[in-house]
Every structure is written in structure tokens, then in C-alpha cells.
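J.: Residue numbers (the working numbering): 4 to 434.
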Ligand code: NAP
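As C-alpha cells, this is what we get:
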């Protein structure tokens, strides 16, 4: 089959889709488009830098790019450099895999104050995402309040609380490491509007905060139930039980020798971010749990802090012409319309780990193949001509590997890699 497929986004969902296309449609060609010169989306810009080994999944995806029938179109933005309609003209099917890289909003007063950051922006800052590299977050005062009790909230707190030595084996960007080290931060807060059992974090990630060199996690024992209740079963129940066990250990510990505190507070929902020119504090309302939902009690309290990071989930932002349904692309089992499909977080919202995207993408690719009636669109060769005419500097996979090699070679050991954080820096290596 000589079908031509375009995938928009080179993160896990897009790369699992590329792999599935190669297996399901031998003889096809797959062009993977990416807005930045660097591939792998969430693996590069979302995974915490101290979870460096998790980035190894990209090795598997590099092997996919090394297949002759797969081509990387880096530094090409769909909707700007080439439109969705043009992609459809050039490819037999288009698979959207652009993730959900936009922060959801709290919708409360004070959210626009200087010092309030969404997790996309904040994580993007320490991971050197070109769009957020210059975020320069306010870390000049003591106190950061992180909203949300999922794994992203834990990532942010953990990265902020680690010492330079603890970051030795991480690939956190130098600008962020220097800023964190220079910060007087000694109090971190994580606020969950629901309770410890409803929290989105998982035991491995929660357990890591027991091991921090200078930071002690503080949990109020009175907020912990004796056991997991609420009709959870199987694996989910197991996860909740393990979380509860770790939280109980944390509530029992006394670590006066550690000078940074990470307070985990449950049943507290933010209602206003306080300050005039910048964040000075946050007002929260205590909640009660009713039928699994957080219900306001009218009982409020305030804490002072210098910045707020919201880790409350993401929404997608597809190219023009693609229909939305809330925070995801409108679709039925991944089909947006015949010829256009969606996979990953853009399809189902921001949930699950990297491997969760494997079966999800494979299911959608089955639909793609079922729908494919004719093949005969021109594909990437003509797209290349179009991009050249428009003066777009497309980066191919070999060129990306050159940039990547430089990132390894310029790192100061023991740090494994020092990323380029600006598109111009990456292109300068090539031209
Ligand atoms: P998450 O687990 O869904 O956590 C989002 C948190 O935001 C929840 O505590 C949620 O509370 C809270 N929230 C949402 N709206 C809120 C509001 N208006 N006010 C206050 N709180 C609000 O999602 P995530 O942490 O963003 O992570 C996304 C996915 O990536 C998850 O599947 C996660 O496990 C995964 N991930 C995995 C790793 C890892 O494996 N190491 C690392 C990072 C992320 P409610 O529950 O009450 O809505």
C-alpha cells in the first residue's frame, strides 16, 4: 500500500501511531510534523527532568524515525507554515497528535497577577521549552502554592525542592537550576480540593518525596482516613492503599534537620489569589466531600506566598478548522471525520502515563486503515517544495540528531545533557 500519512505531533501518541501505521500498512509513508526542531513532545518538555530515565522511551521512537518510510518535519507549524486544508490535500489521512499543551484556568480573581503560572508554562520553563524558556518565574520570596494533587503537582514541588547535587543526574536546564538554587524558598504548599484518597498522584511518585535531601513533606494525620473506602476495586484500590500508607508514614515523621517544608493540604479549594502588583498570598475555602465531590463549607483561610503554580490539567488547541469538544478534539473513537483522526491527550484529555498511549493509538490506526478507500495523494515531497517556497526551514531527523549530539557533548558532567532552549540556537547548529 503506498498510502501517505501525516501525523501532527511527535510526542508519545503520535509516535505510537507512526509505529502502528508501519505495521498495519506496509509500504506506506509516514511524515511526522512538529512545531519545534526537537521531537518527542511530552517526553522532552513534559516529563520531569529528574525522571531522566523516563525519557529513554524516546530511543524506541528514534528507531521509528530511522525507518526509510518515516520522515520528520521538524520546525513546521500546522496552521501557520502549512494549513490543515493543505495537509489534507497532500495526505490520504491526517492523524492529529498535538497533545494538550495549554493550561486550564482556575477562573478565580487574581489569576492574572504576576507570579501565577500554569504547569505547562512552569514545567516548560525548567525543561527549556522554547515558548517558556524566558518565563523567569518569581521565586524571590518564600512560599510557592501549587494547586492540584496529581503527579504534575508533585513533579513541580519535587523539582523546586531539590538541591543542585540532587539534580546532578537530571537534565534540568541550567537557567532553571540556577534560579532554583538562588531562591530563598523554604515553604512549598500543595493544595487538593478533595481528599487523599481522591488524589491523582501515584505511589512511586508520592514515595519519592520521602527521600528528599533538604525537604520534609508535612501531612496532617487528622486529614487521613483509617482505610480506603468508596467502592474502589482492583488495581485502583491497590494504588489508593499504597498512597495512604505513604501519607501515614509522612504524617508520623519529624525531620527538624530538613529546612524546606512541603505541606500537603487536602480539602482546600482556592477562591482568590491575593496581591496588588504581584502574588502575595492565596485564599482557600475548606471543603467537605459529598458523593465524591468537593463541597464548599464557607470556612476560608489564607496563606502568604510569592507565587502560585496551577497543576489542574490541560486542554488541547488544535489547528484552525478542527472541531473542539471542551478541552479535546471532537471525535468518535478517534475519528474526527473520514480522513482526519485524533490520538492521545488531544483525543481523550490529559490522563495516563506514556505507555497508555500505545493501545490508544493502535486502536485509532485500525480505524484509519478501515476508512482508507484510495491512496494516491502526493505526500511529503510536494510538501517540502511548498515549505521551501514559503521560506520555512524544515528540520529533518538527521539534523535533529546533530542538535541532540551537541546537547550531550556540551553538558558539564555528571549532568547528562544541556538542552538548547531557543529555536535560533538549534538552527544555528545546522546552518
Ligand atoms: P491529575 O492527576 O488529573 O491532577 C489534576 C489535579 O488538579 C487534581 O487534583 C484535580 O482535582 C485538580 N484540579 C482540577 N481542577 C481544579 C480546580 N478548579 N481547583 C482545584 N483543583 C483542581 O493530572 P496531572 O497531575 O495534570 O497529570 C496529568 C496526567 O499525567 C495524569 O494521568 C498523571 O498521572 C500523568 N503524569 C504522570 C507522571 C508520572 O508517571 N511520573 C508525571 C506527571 C504526570 P480533582 O481530582 O478534584 O478534579
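Just so it is clear, CB atoms sit at the ideal spot from N, CA and C, and this is done for glycine as well.
So, helix, strand or coil for residue 87, using DSSP?
T.: helix
J.: Using 7 Å as the limit for Cβ to Cβ distance, is residue 434 near chain D?
T.: The structure shown contains no chain D, having only a single protein chain.
J.: Taking the alpha helix (DSSP H) that residue 15 belongs to, which residues open and close that run?
T.: 15-27
J.: Please report how far the alpha carbon of residue 8 lies from the alpha carbon of residue 22, in whole angstroms.
T.: 12 Å
J.: Rounded to whole angstroms, what's the CA-CA distance from residue 101 to residue 255? Just pull it up for me.
T.: The alpha-carbon atoms of residue 101 and residue 255 are separated by roughly 43 Å.
J.: On a Cα-Cα basis, can you pick out the residue from 268, 218, 204, 242 that is closest to residue 225?
T.: 268
J.: Sort 259, 398, 420, 414 by Cα distance to residue 426 and report the nearest one.
T.: 398
J.: Considering residue 267, what are the terminal residues of the beta strand (DSSP E) in which it resides?
T.: 263-268
J.: Between which residues of its own chain and residue 145 is the CB-CB distance below 7 Å, once the five residues before and five after are set aside?
T.: 187, 188, 189, 190, 309.
J.: Quick check on residue 361: does DSSP put it in helix, strand or coil?
T.: helix
J.: Just checking residue 354 against ligand 1 - is the residue's beta carbon closer than 6 Å to any of the ligand's heavy atoms?
T.: yes
J.: DSSP three-state call for residue 291: helix, strand or coil?
T.: Assigned with DSSP and collapsed to three states, residue 291 falls in strand.
J.: What residue ranges within the segment 131-183 form continuous beta strand (DSSP E) runs of no fewer than 3 residues, ordered along the chain?
T.: 147-150
J.: Cutting at 7 Å between CB atoms, please list the residues of its own chain near residue 124, excluding the five before and the five after it.
T.: 106, 135, 138
J.: Helix, strand or coil for residue 49, going by three-state DSSP, please let me know.
T.: coil
J.: Between residue 414 and residue 421, how many whole angstroms is the CB-CB distance? I'm expecting something under 8 Å.
T.: 4 Å
J.: For the alpha helix (DSSP H) holding residue 409, just list the boundary residues, first then last.
T.: 400-412
J.: Can we say the segment 214-228 touches the segment 171-180, given the rule of at least three CB pairs closer than 8 Å?
T.: no
J.: Under 6 Å from any heavy atom of ligand 1, does the C-beta of residue 154 make it?
T.: Under cutoff, so the answer is yes.
J.: Using a Cβ distance threshold of 8 Å, determine whether the segment 79-92 contacts the segment 310-328, with at least three qualifying pairs required.
T.: yes
J.: Span of the beta strand (DSSP E) holding residue 74?
T.: Where residue 74 is concerned, the enclosing beta strand (DSSP E) stretches over 73-77.
J.: Kindly list the residues whose CB is nearer than 7 Å to the CB of residue 349, restricted to its own chain and excluding five residues on each side of it in sequence; keep chain order.
T.: 99, 100, 101, 102, 103, 319, 321, 331, 332
J.: Run through DSSP, which three-state label would residue 60 get?
T.: Helix.
J.: Would residue 337 pass as a contact of residue 345 if the rule is Cβ separation under 7 Å?
T.: yes
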